[in-house]
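Notes follow the structure.
Residue numbers (my numbering): 19 to 206.
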């Protein structure tokens, strides 16, 4: 014991564990979300995908279902955990969890225009950096809002929409049925 760190300790000092937060409403989880999550998991040691409260959006799926769908979408990603934060700012969560990087998927210039002021504010408030991941061009047209809007149209089949949502537990079946039932009920 000469007081020098072991080679593992020295490596950890030189390369600290990088934790990232991938926040969103995930209402519902889409293939675009899953793609960004998979890519972030390749870049960071740990990724926390977190359902956040957004006062500008009306939640369609209960929180518990969104969390279940995210777990299903991250099944094969061993360095991903799923959580929620429904009170306070994103930077509050980051401080509490010891996270210094936020991951955001960007489909185009409109997304970037929306994200940049928040990225700047998160950095100013808590030193949190934002890492933007450009959407896969094949998925860039997908948004939770568009999936919900399309599912409310009687002429669009579940099969047509299922390709927009992750397979398995994160998939479309229950979500699309509930949106259509809610729409039919509201017509009565």
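Even glycine gets a Cβ: it sits at the ideal position worked out from N, Cα and C.
Check: Contact check, residue 50 vs residue 153 under 8 angstroms by CB: the rounded distance?; Outcome: 6 angstroms
Check: For residue 50, list the residues DSSP reports as bridge partners.; Outcome: DSSP output for residue 50 lists no bridge partner at all.
Check: If contact is defined by three or more beta carbon pairs under 8 angstroms, each pair taking one atom from either stretch, is the stretch 117-127 in contact with the stretch 32-41?; Outcome: yes
Check: Residue 62 to residue 78, Cα distance in whole Å?; Outcome: 30 angstroms
Check: Let me check you understand the geometry: is the CB of residue 89 closer than 8 angstroms to at least one non-hydrogen atom of the ligand NAP?; Outcome: The model depicted lacks the ligand NAP and carries no ligand whatsoever.
Check: So, with DSSP's three-state summary, where would you put residue 56?; Outcome: helix
Check: Could you pull the start and end residues of the alpha helix (DSSP H) that residue 130 belongs to?; Outcome: 127-144
Check: How big is the Cα-Cα spacing for residue 136 and residue 122?; Outcome: 11 angstroms
Check: Can you look up residue 121 in the DSSP assignment and give me helix, strand or coil?; Outcome: strand
Check: Would you report the Cα separation of residue 197 and residue 76, rounded to the nearest angstrom?; Outcome: Low per-residue confidence applies at residue 197: pLDDT is 44, beneath 50, and the placement is therefore not dependable, though the value from the model is reported in the following sentence. So the two alpha carbons sit approximately 13 angstroms from each other.
Check: Between the stretch 63-74 and the stretch 94-101, do three or more beta carbon pairs fall short of 8 angstroms?; Outcome: yes
Check: Ends of the beta strand (DSSP E) at residue 210?; Outcome: Outside the shown range of the chain, which is 19 to 206, sits residue 210, and nothing can be said about it.
Check: Just mark residue 42 as buried or exposed, buried being the case when its beta carbon has 16 or more other beta carbons within 10 Å.; Outcome: buried
Check: Per DSSP, residue 42 forms a beta bridge with which residues?; Outcome: 69
Check: Which whole-angstrom value describes the C-beta separation of residue 47 and residue 88, a residue pair presumed to lie in contact below a C-beta threshold of 8 angstroms?; Outcome: 6 angstroms
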